[in-house]
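In my numbering, the protein residues as written are 1 to 125.
Note that CB positions come from ideal geometry on N, CA and C, so glycine has one too.
All values derive from a computational prediction rather than experimental measurement.
All remarks here apply to the structure that follows.
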């Protein structure tokens with residue numbers, strides 16, 4: 001990564017389901033992110049997006065302490081956290097209305113079924 005970033009190339013690393021990472025993997029991620037954070041040119045061209053399901057982890061080690069605590073302490077790494085909630089039935093209906101270009105009254109039943117099946121998870125809608 002350092003060699004590619006030193007050439008001025010941009011890199012975005014996107015990892016989903018971090019709640020399933022073991023301690024070793026979290027430690028590796030932390031070290032990579034902190035290493036890149038120490039180099040101004042590399043830091044400008046690197047974006048790490050990590051996603052996890054907060055309802056599937058607890059706030060004890062290894063997850064929170066190994067990754068986020070260390071990164072928050074570093075003044076060379078910027079962290080932005082976004083907490084996303086499940087889509088409501090109205091959100092699902094709006095999405096279906098937009099995609100099918102139909103009025104709410106015609107998509108109401110479909111929205112109920114999609115909401116029930118997807119449990120408000122945007123990817124499954």
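{"query": "With a threshold of 8 angstroms on Cβ separation, who are the neighbours of residue 35 within its own chain once the five nearest residues in sequence on each side are excluded?", "result": "2"}
{"query": "Going by DSSP, which residues form a beta bridge with residue 14?", "result": "49"}
{"query": "Could you check if residue 96 is buried or exposed, using at least 16 other CB atoms within 10 Å of its CB as the buried criterion?", "result": "buried"}
{"query": "In whole angstroms, what separates the C-alpha of residue 13 from that of residue 47?", "result": "6 angstroms"}
{"query": "CA-CA distance, residue 18 and residue 52?", "result": "5 angstroms"}
{"query": "Just verifying my parser: in three-state terms, what is the DSSP assignment at residue 55?", "result": "helix"}
{"query": "By DSSP, does residue 2 sit in helix, in strand, or in coil?", "result": "helix"}
{"query": "Closest to residue 125 by CA distance: which of 45, 37, 99 is it?", "result": "99"}
{"query": "Judging by CA-CA distance, which residue of 123, 81, 23, 104 is the nearest neighbour of residue 87?", "result": "123"}
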